[in-house]
Every structure is written in C-alpha cells, then in structure tokens.
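In what follows, a single structure is set out as structure tokens and then discussed.
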Amino acid sequence: MRTIKMKYPTQIRQRTINGKLYVMEAIRDLDEAIDLICEAMTPEEQLDPFAEDLCPYFGILWPAAEALAQYIGERPQLVKNKTVLELGCGLGFPALVASHAGGKVLATDFHPDVEEYFQRNCRHSSVQCDYMRLNWREESSVGQFDVVMGSDVLYESKHPKEVARGLIRYARPGGKIILSDPGRSYLQQFMNAMNDEGHKEEIVTLTIDQKEVFVIEYTV
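The opening residue of the sequence shown carries number 1 in my numbering; numbering runs sequentially from there.
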C-alpha cells in the first residue's frame with residue numbers, strides 16, 4: 001500500500017486548561033476527509049486491508065483526547081520532570097498539555113499525515129514537543145518512559161491485548177500507564193488483559209461534551 005499524502009480542509013479548535021490556551025488545527029469534517037482519501041486511492045488500493053490505516057481519524061479532536069488532556073492538566077505532578085510517551089497521539093492535545101506541565105514528551109503515531117498536524121499545533125499553542133512516527137504494535141528502540149499514555153485506541157477486536165502489551169513494554173518499572181476511553185466495547189477486555197499482567201486500575205470518569213469518558217491509570 002503506497003503512502004498517500006493528503007491536504008484536508010481544516011478548522012481551528014481552542015481549549016483552555018489551567019489558564020493555558022491550546023490552539024489546534026483539526027480536520028473540518030471527517031466524512032468529507034474520508035471521501036477525499038477514497039477518491040485519491042485506486043479501486044485496488046481501496047480493497048487493500050491496510051487502506052483503513054490511511055483514514056484520517058487522527059484529525060478529529062475526540063472526547064477521549066480532551067479527557068486525557070484535562071486529566072493530565074489537573075494532575076501536573078504526574079508528568080512534571082518525567083519522561084512521557086503518547087501512543088497514537090493524533091492532533092497531540094494530551095502531549096501538548098503534558099509538555100506544558102513540565103514533562104519531557106515524545107508524541108508518536110503511525111499515520112503519515114500526523115506529524116504535519118502535530119507540528120502545526122505545537123506552533124499554534126507555543127509548546128515545544130518531540131514527535132516520532134511509531135507503530136506501537138512493533139518492537140522499537142525508543143526505550144522506556146516514566147509515563148505512557150494514549151486515548152481512544154481500543155477500536156478493533158485485536159487491540160485489547162496488543163495495547164496492553166504495548167503500554168507495558170514502553171513503561172518503566174514503577175512508572176504510570178494512563179489510558180482514556182469513551183466506553184468502547186473492548187475496554188473491559190483491555191482491563192482484563194492488564195489485570196492478567198498483574199496491574200490493577202484506578203478509574204476516573206470525566207464528562208466531555210455531555211459524553212462520559214473513562215480515564216484509567218495503572219502503576220507498573
């Protein structure tokens with residue numbers, strides 16, 4: 001499957017956490033963007049199993065990302081002077097909040113278009129933060145971190161165990177794993193997988209745009 005670089009219509013989304021304004025450039029309309037990427041693919045490419053990986057889901061400011069950003073912003077001690085890894089960062093809102101709170105943050109995603117949006121949002125929000133393209137399903141040399149976090153990454157049946165293994169792999173012993181999820185059907189399976197590895201969760205429920213989001217924290 002070839003890499004297709006796209007230019008999507010965008011809009012500016014603004015959020016304030018602890019008095020800090022975050023300005024993010026997001027995709028204007030997800031359905032419109034999906035139509036555009038489909039038009040850019042050949043009929044054969046549209047049938048490729050990896051075609052869905054190019055869908056621009058990253059470009060939306062999802063409630064789970066807002067919840068994770070709020071959770072970190074209200075608990076800056078979790079990340080201050082800590083190394084932080086965000087998996088599947090998308091627009092990067094939680095990573096920006098963690099960086100502003102004093103964390104040394106590496107934001108990562110696998111989608112080829114994410115870096116451009118992430119760097120724009122760093123500039124828009126006047127926050128410095130490192131980025132790396134990373135497939136968290138595979139082994140990597142990025143090392144281990146004090147805090148590993150992600151939002152809304154449990155959307156396929158194979159994800160619960162994969163995500164659990166990935167988060168644990170990148171977390172330093174004694175570190176934190178923080179995951180936010182809007183209550184997807186695979187959340188309980190993920191928590192079961194973490195329990196099987198000996199890790200017990202603490203859960204906080206936040207409301208974003210009148211929708212409940214669960215923020216799950218583990219100490220590894």
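Beta carbons: idealized from backbone N, C-alpha and C, even for Gly.
Given the structure is predicted, the values throughout are model-derived calculations rather than measurements.
Taking 7 Å as the limit between beta carbons, can you name the residues of its chain near residue i, skipping five residues before and five after?
{"i": "residue 18", "result": "73"}
{"i": "residue 100", "result": "20 and 127"}
{"i": "residue 197", "result": "164 and 168"}
Tell me which residues share the same chain as residue i and place their Cβ nearer than 6 Å to its Cβ, disregarding the 5 neighbours each side in the sequence.
{"i": "residue 166", "result": "136"}
{"i": "residue 148", "result": "85, 167, 170, 171 and 177"}
{"i": "residue 14", "result": "23"}
Measuring alpha carbon to alpha carbon, tell me which of the options ends up nearest residue i.
{"i": "residue 8", "options": "14, 40 and 22", "result": "40"}
{"i": "residue 77", "options": "102, 33 and 24", "result": "102"}
{"i": "residue 220", "options": "213, 202, 212 and 214", "result": "202"}
{"i": "residue 145", "options": "187, 13, 170 and 98", "result": "170"}
{"i": "residue 215", "options": "179, 183 and 194", "result": "179"}
{"i": "residue 227", "options": "109, 218, 12 and 119", "result": "Since the first residue of the chain shown is 1 and the last is 220, residue 227 is not available in this structure."}
{"i": "residue 114", "options": "60, 31, 43 and 199", "result": "60"}
{"i": "residue 142", "options": "98, 105 and 184", "result": "105"}
{"i": "residue 204", "options": "5, 140 and 213", "result": "213"}
{"i": "residue 81", "options": "31, 87, 33 and 98", "result": "98"}
{"i": "residue 162", "options": "174, 181, 151 and 190", "result": "190"}
{"i": "residue 83", "options": "70, 194, 199 and 175", "result": "175"}
{"i": "residue 217", "options": "186, 185 and 150", "result": "150"}
Can you tell me whether DSSP reads residue i as helix, strand or coil?
{"i": "residue 160", "result": "helix"}
{"i": "residue 94", "result": "helix"}
{"i": "residue 149", "result": "strand"}
{"i": "residue 37", "result": "helix"}
{"i": "residue 204", "result": "strand"}
{"i": "residue 29", "result": "coil"}
{"i": "residue 233", "result": "A question about residue 233 goes unanswered here, because the residues of the chain that appear run from 1 up to 220."}
{"i": "residue 177", "result": "strand"}
{"i": "residue 170", "result": "helix"}
For residue i, report the span of its beta strand (DSSP E) as first-last.
{"i": "residue 74", "result": "Taken as a continuous stretch (DSSP letters only), residue 74 belongs to no beta strand (DSSP E), being part of the alpha helix (DSSP H) at 63-74."}
{"i": "residue 107", "result": "104-109"}
For the alpha helix (DSSP H) that residue i lies in, which residues bound it at each end?
{"i": "residue 45", "result": "43-46"}
{"i": "residue 193", "result": "187-196"}
{"i": "residue 57", "result": "Careful: residue 57 lies outside any alpha helix (DSSP H) and carries neither H nor E."}
{"i": "residue 118", "result": "114-125"}
Do the segment 52-68 and the segment 202-219 make contact, defined as three or more Cβ pairs closer than 8 Å? Contact holds: three or more Cβ-Cβ distances are below 8 Å.
Contact the segment 10-25 vs the segment 83-94: 3+ CB pairs below 8 Å: A contact exists between the segment 10-25 and the segment 83-94.
I'd like to know if the segment 127-142 and the segment 35-54 are in contact, where contact means that at least 3 CB-CB pairs between them fall below 8 Å. No, the segment 127-142 is not in contact with the segment 35-54.
Decide yes or no for the touch test of the segment 150-160 against the segment 116-127: beta carbon pairs closer than 8 Å, at least 3 of them. Contact fails: fewer than three Cβ-Cβ distances are below 8 Å.
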